[in-house]
Amino acid sequence: MTHLRIVAPAVVLAAVLAAPATAQQTLSQEELNQPRPIDMHESVWIEELTWMEVRDLMAAGKRTVIIPTGGIEQNGPYVATGKHNYVLMTACDWLARELGDALCAPIIKLVPEGDIDPPTGHMRYPGTISLSAETFEAVLDDVGSSLRAHGFEHIIYIGDSGGNQRGMANVAERLNDRWGGTVAHYIPEFYDNEGVERYMTDDLGVVMPHKDPFHDFYWLTAMQMLTDPTTVRLEERIEAGLAVNDGVSLLPVERTLEVGRKLMQWRVDQTAAAIRAAIGVGG
């Protein structure tokens with residue numbers, strides 16, 4: 007007489023689910039190790055790279071990642087609301103290349119700009135987008151944690167806006183407590199506006215006779231123009247006879263761009279030195 011063995015449905019289901027899971031895990035590891043089929047794209051921006059390119063750049067030694075924070079806020083009648091983000095497009099690119107072992111995470115474009123209801127600070131002006139401090143810090147935490155999970159050894163936070171600084175400092179401290187070591191680094195030296203203006207005056211000989219009553223500065227406009235002059239409405243200002251900022255003419259354009267390049271390089275040099283000091287690497 008033949009005896010039939012009855013297997014519990016739960017056991018069968020577990021076996022069915024376990025087999026694909028094991029296969030998927032093996033396949034995933036094979037996929038992660040597969041060779042890149044084309045040449046490397048030249049960029050320091052993670053969002054412009056494929057996952058294979060990020061993997062191979064990390065394997066080649068790029069184990070530092072910069073998380074730049076900007077903002078969307080009112081900046082007077084001439085400058086686009088994304089001012090800080092445009093400055094960071096050039097700043098982080100130059101900084102990563104100066105360090106040599108770094109990549110740039112996507113710019114965190116939404117940051118605290120004031121209360122939403124009722125509106126305060128920059129939120130009183132149309133176009134501004136604000137995050138609460140809690141939301142901002144949660145985003146910074148998740149972004150930093152994601153990059154740490156991929157194997158980056160140093161998570162660098164820099165910010166081009168004053169309202170970002172405390173949140174970055176809080177998150178860096180929190181992450182280091184969680185990870186049990188100094189891995190996250192908030193670099194306040196990047197936001198040294200007084201130092202930038204002092205360098206411009208003392209070393210470049212560019213003096214602002216006065217400051218316009220806008221959330222806009224000649225030295226920042228000069229750096230922003232390195233990314234895209236249309237974001238400071240350069241052509242429209244020239245046509246209207248308003249190509250002047252804080253009493254300093256934006257013309258000739260090449261002169262302002264040269265000032266912007268020197269200011270940006272000074273800022274990058276100061277920040278790179280601070281990062282190397284923070285992570286214990288000689289420059």
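Residue numbers for the sequence shown follow the numbering used here, beginning at 7 and rising by one.
Ideal placement from N, C-alpha and C gives every residue a C-beta, glycine not left out.
Cα-Cα separation between Asp-275 and Glu-104, rounded to whole angstroms: Taking the straight line joining both Cα atoms gives about 8 Å.
Proximity test, Val-177 beta-carbon vs the ligand SAM heavy atom, cut-off 7 Å: The ligand content of the structure shown is nil, which means the ligand SAM is not present either.
For His-191 and Asp-99, the rounded distance between their alpha carbons: Those two C-alpha atoms are separated by around 18 Å.
For Asn-251, the residue or residues it bridges with in DSSP: Answer by DSSP bridge pairing, in chain order: Val-254.
C-alpha distance - His-47 paired with Leu-63, whole-angstrom precision: So the alpha carbons of these two residues sit roughly 11 Å apart.
Rounded separation between Thr-233 and Val-93 - CA only: Taking the straight line from one Cα to the other gives about 7 Å.
Per DSSP, cross-strand counterpart(s) of Ala-190: Paired residue(s): Ile-161.
Through-space distance from Glu-140 to Val-266, alpha-carbon basis: Note that residue 266 is Gly in the sequence shown, not Val. Gly-266 and Glu-140 have their C-alpha atoms roughly 34 Å apart.
Closest by C-alpha distance to Asp-121, when choosing among His-156, Glu-79 and Asp-183: For the residues His-156, Glu-79 and Asp-183, the minimum Cα distance to Asp-121 belongs to Glu-79.
Beta-carbon separation (whole angstroms), Glu-159 vs Thr-70, contact threshold 8 Å: The C-beta distance from Glu-159 to Thr-70 rounds to 7 Å, short enough to meet the 8 Å contact threshold.
Beta-carbon proximity list for Ala-283, same chain, < 6 Å, skipping 5 on both sides: Same-chain partners within the cutoff: there are none.
Whether Asn-81 touches Thr-87 by CB criterion (8 Å): Yes, the pair counts as a contact, with Cβ atoms nearer than the cut-off.
Three-state secondary structure (DSSP) of Leu-109: Here DSSP, grouped into helix, strand and coil, assigns Leu-109 to strand.
Distance between Gly-211 and Leu-269 (C-alpha atoms, nearest Å): Annotation: Leu-269 to Gly-211 spans about 12 Å, alpha carbon to alpha carbon.
Classification of Glu-148 by the beta-carbon crowding that lies within 10 angstroms, buried from 16 upward: It should be noted that the sequence gives Asp, not Glu, for residue 148. Result: exposed.
Among Ile-162, Trp-272 and Asn-176, nearest to Leu-109 - alpha-carbon criterion: Nearest C-alpha to Leu-109 among Ile-162, Trp-272 and Asn-176: Ile-162.
Thr-75 - containing beta strand (DSSP E), residue span: Judged by DSSP secondary structure, Thr-75 falls within the beta strand (DSSP E) whose first and last residues are 70-75.
Beta bridge counterpart(s) of Ile-114 as assigned by DSSP: DSSP output for Ile-114 lists Thr-75 as bridge partner(s).
Own chain residues within Cβ distance below 7 Å of Ala-25, not counting five before or after: In this predicted model, Ala-25 has a pLDDT of only 44, less than 50, meaning its place in the structure is not dependable; the value taken from the coordinates is given anyway. The answer is none, since no qualifying residue turns up.
Segment limits, alpha helix (DSSP H) that includes Phe-142: Residues 139-155.
Within 8 Å, strictly: CB atoms of Gly-173 and Glu-203: No; because the gap between Cβ atoms is not below 8 Å, this pair is not in contact.
As assigned by DSSP and simplified to three states, the class of Ser-34: If DSSP states are grouped into helix, strand and coil, Ser-34 belongs with the helices.
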